[in-house]
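What follows is a short report on a single structure.
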């Protein structure tokens with residue numbers, strides 16, 4: 468928001484009210500109208516700020532000379548290339564002319580000055596003279612294909628914490644290079660999808676044709692929107708009325724990637740996912756995108772080790788197994804100490820028998836005692852615990868002791 472202030476000297480200091488004893492300069496804003504489904508909450512008002520994207524701009528890169536053959540391919544020096552940032556020009560003898568980026572050549576004719584870009588690898592491909600024009604070889608200019616500008620960047624490495632950006636790459640007029648920082652943590656960056664994940668996603672894409680109808684559609688599209696590791700669609704669940712089934716409502720709980728035992732999506736991620744799903748939902752569907760709620764699970768256990776087992780090794784193994792089991796991103800029933808799982812299931816029950824099975828690591832003879840606690844709720848002896856459909860687990864301060872038979876720690 469840019470504010471045009473009155474002429475110099477016409478703005479005066481004032482206390483404005485009885486609770487403000489220090490004179491200040493004041494700006495007042497009025498809301499003319501609103502049609503929000505959920506009224507937004509103001510996080511902060513900061514002056515002298517700007518948005519930033521993790522990217523590097525590359526200019527005037529020579530891709531090479533055209534040799535006049537069909538299906539020519541050139542590769543940029545850096546990748547991945549951010550969507551919509553490539554500007555490519557070709558000199559066919561009359562000076563450089565900008566060519567148009569297209570997703571493919573199927574709708575292109577022999578004279579269409581178009582090209583196809585693989586943003587992941589930086590490959591630039593030209594047509595064959597039937598579908599897409601062949602750039603003319605220019606002996607007078609052997610550097611006749613150039614990328615005027617493009618930007619590269621992205622990935623989870625850009626999701627840096629608050630206060631970690633403290634310097635400028637180059638000077639900016641009016642900005643003190645040693646007095647900048649990011650007040651909030653950066654977010655929204657996601658690594659490139661693996662081939663295995665793409666193979667899992669493809670059948671769902673072909674089935675739904677990019678429309679959100681079933682809960683599985685909402686979950687797949689939420690992950691596809693970017694910066695989302697997991698998603699759970701809850702039909703009939705309204706965040707304002709959690710105990711009542713509301714027809715036509717779908718709430719999607721999203722979990723971002725990133726460090727920390729309880730990853731929470733920032734407001735920008737929630738906004739991005741909501742906008743992505745909003746354009747793909749049915750007109751009659753009322754949509755909400757929510758962060759997960761985390762519950763803390765704490766295990767207290769007494770393990771009896773085999774006579775030839777090392778107590779410290781057994782304890783370390785049991786602790787690692789339990790922490791892996793309840794992890795929101797890599798836990799679950801299919802997880803092991805060496806193989807991550809899909810994450811603890813939303814609303815998944817904490818079953819006494821399953822926890823017992825997890826604690827029977829190598830070197831454990833038997834379980835002498837086991838208690839389970841969810842936040843402040845203690846499970847009944849040999850009883851189970853449950854969480855709500857929009858909730859996940861995080862590990863508490865587990866207490867696992869290991870002894871030999873007939874001894875004390």
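In my numbering, the protein residues as written are 468 to 876.
Ideal Cβ positions, reconstructed from N, Cα and C, are used throughout, including at glycine.
Nothing here was measured: the structure is a model prediction, and the numbers come from that model.
Below 8 Å on the Cβ atoms is my guess for residue i versus residue j; work out the distance and round it to an integer in Å.
{"i": "residue 798", "j": "residue 810", "result": "6 Å"}
{"i": "residue 765", "j": "residue 864", "result": "6 Å"}
{"i": "residue 693", "j": "residue 658", "result": "Actually they do not touch by this definition, with Cβ atoms about 10 Å apart."}
{"i": "residue 747", "j": "residue 669", "result": "In fact, because the Cβ distance is near 17 Å, the residues do not count as touching under 8 Å."}
{"i": "residue 540", "j": "residue 590", "result": "6 Å"}
{"i": "residue 629", "j": "residue 644", "result": "With a Cβ gap of about 19 Å, residue 629 and residue 644 do not count as contacting."}
{"i": "residue 846", "j": "residue 769", "result": "Actually they do not touch by this definition, with Cβ atoms about 16 Å apart."}
{"i": "residue 582", "j": "residue 606", "result": "Incorrect: roughly 21 Å between the Cβ atoms, too far for contact."}
{"i": "residue 695", "j": "residue 667", "result": "Rounded, the Cβ-Cβ distance is 15 Å, inconsistent with contact."}
{"i": "residue 571", "j": "residue 600", "result": "Not quite, the Cβ-Cβ distance comes to about 15 Å (not below 8 Å), so this is no contact."}
{"i": "residue 533", "j": "residue 580", "result": "With a Cβ gap of about 12 Å, residue 533 and residue 580 do not count as contacting."}
{"i": "residue 602", "j": "residue 660", "result": "With 8 Å as the limit, residue 602 and residue 660 do not qualify as a contact, their Cβ atoms being about 31 Å apart."}
{"i": "residue 575", "j": "residue 598", "result": "5 Å"}
{"i": "residue 547", "j": "residue 587", "result": "5 Å"}
{"i": "residue 526", "j": "residue 616", "result": "5 Å"}
Consult DSSP for residue i and reduce its assignment to one of helix, strand or coil.
{"i": "residue 845", "result": "strand"}
{"i": "residue 880", "result": "Only positions 468 to 876 of the chain appear in this structure, which leaves residue 880 out of reach."}
{"i": "residue 704", "result": "coil"}
{"i": "residue 558", "result": "strand"}
{"i": "residue 646", "result": "coil"}
{"i": "residue 625", "result": "helix"}
{"i": "residue 912", "result": "Examination of residue 912 is not possible in this model, given that the chain is present from 468 through 876 alone."}
{"i": "residue 513", "result": "coil"}
{"i": "residue 603", "result": "coil"}
{"i": "residue 565", "result": "strand"}
{"i": "residue 839", "result": "strand"}
{"i": "residue 833", "result": "strand"}
{"i": "residue 694", "result": "coil"}
{"i": "residue 667", "result": "helix"}
{"i": "residue 480", "result": "coil"}
{"i": "residue 662", "result": "helix"}
{"i": "residue 498", "result": "coil"}
Report whether the distance from the Cβ of residue i to the nearest heavy atom of the ligand ATP is below 8 Å.
{"i": "residue 617", "result": "Among the ligands in the structure shown, none appear at all, so the ligand ATP cannot be discussed."}
Under 9 Å, do residue i and residue j count as touching if we go by C-beta distance?
{"i": "residue 816", "j": "residue 853", "result": "yes"}
{"i": "residue 730", "j": "residue 812", "result": "no"}
{"i": "residue 737", "j": "residue 756", "result": "yes"}
{"i": "residue 759", "j": "residue 699", "result": "yes"}
{"i": "residue 867", "j": "residue 826", "result": "yes"}
{"i": "residue 655", "j": "residue 707", "result": "no"}
{"i": "residue 701", "j": "residue 690", "result": "no"}
{"i": "residue 682", "j": "residue 594", "result": "no"}
{"i": "residue 614", "j": "residue 528", "result": "yes"}
{"i": "residue 647", "j": "residue 632", "result": "yes"}
{"i": "residue 821", "j": "residue 800", "result": "yes"}
{"i": "residue 787", "j": "residue 804", "result": "yes"}
Kindly list the residues whose CB is nearer than 7 Å to the CB of residue i, restricted to its own chain and excluding five residues on each side of it in sequence; keep chain order.
{"i": "residue 504", "result": "Its pLDDT being 44, under 50, residue 504 is placed unreliably in this model, and the value from its coordinates should be taken loosely. Closer than 7 Å at the Cβ level, and outside the excluded window around residue 504, lies no residue."}
{"i": "residue 725", "result": "623 and 626"}
Spatial neighbours of residue i within its chain, please: CB distance less than 8 Å, with the 5 preceding and 5 following residues excluded, ordered by chain position.
{"i": "residue 523", "result": "545, 618, 619 and 620"}
{"i": "residue 782", "result": "770, 867, 868 and 869"}
{"i": "residue 881", "result": "Not covered by the structure: residue 881. The range shown for the chain is 468 to 876."}
{"i": "residue 880", "result": "A question about residue 880 goes unanswered here, because the residues of the chain that appear run from 468 up to 876."}
{"i": "residue 568", "result": "553, 555, 581, 582, 583 and 584"}
{"i": "residue 511", "result": "650"}
{"i": "residue 875", "result": "Residue confidence is low: residue 875 scores 47 on pLDDT, short of 50, so the model does not pin down where it sits. No coordinate-derived value is stated."}
Looking only at its chain, what residues have a beta carbon closer than 6 Å to the beta carbon of residue i, apart from the 5 residues adjacent to it on each side?
{"i": "residue 761", "result": "729, 859 and 861"}
{"i": "residue 705", "result": "713 and 716"}
{"i": "residue 412", "result": "Because the chain here runs from 468 to 876, residue 412 falls outside it and cannot be looked at."}
Return the first residue and the last residue of the alpha helix (DSSP H) that residue i is part of.
{"i": "residue 790", "result": "778–792"}
{"i": "residue 907", "result": "Since the first residue shown for the chain is 468 and the last is 876, residue 907 is missing from the structure and cannot be characterised."}
{"i": "residue 572", "result": "No alpha helix (DSSP H) holds residue 572; DSSP gives it neither H nor E."}
{"i": "residue 738", "result": "734–745"}
{"i": "residue 684", "result": "682–691"}
Where does the unbroken beta strand (DSSP E) through residue i begin, and where does it stop?
{"i": "residue 618", "result": "612–620"}
{"i": "residue 576", "result": "Unbroken run through residue 576: none, as it is neither H nor E."}
{"i": "residue 870", "result": "866–870"}
{"i": "residue 761", "result": "760–772"}
{"i": "residue 636", "result": "First-last for residue 636: undefined, no H or E at that position."}
{"i": "residue 522", "result": "522–531"}
{"i": "residue 753", "result": "753–757"}
{"i": "residue 590", "result": "590–593"}
{"i": "residue 608", "result": "Segment: none, residue 608 is in no beta strand (DSSP E) and carries neither H nor E."}
{"i": "residue 749", "result": "No beta strand (DSSP E) holds residue 749; DSSP gives it neither H nor E."}
So with Cβ pairs under 9 Å, would you call residue i a contact of chain B?
{"i": "residue 839", "result": "Here chain B cannot be found, since the structure has a single protein chain."}
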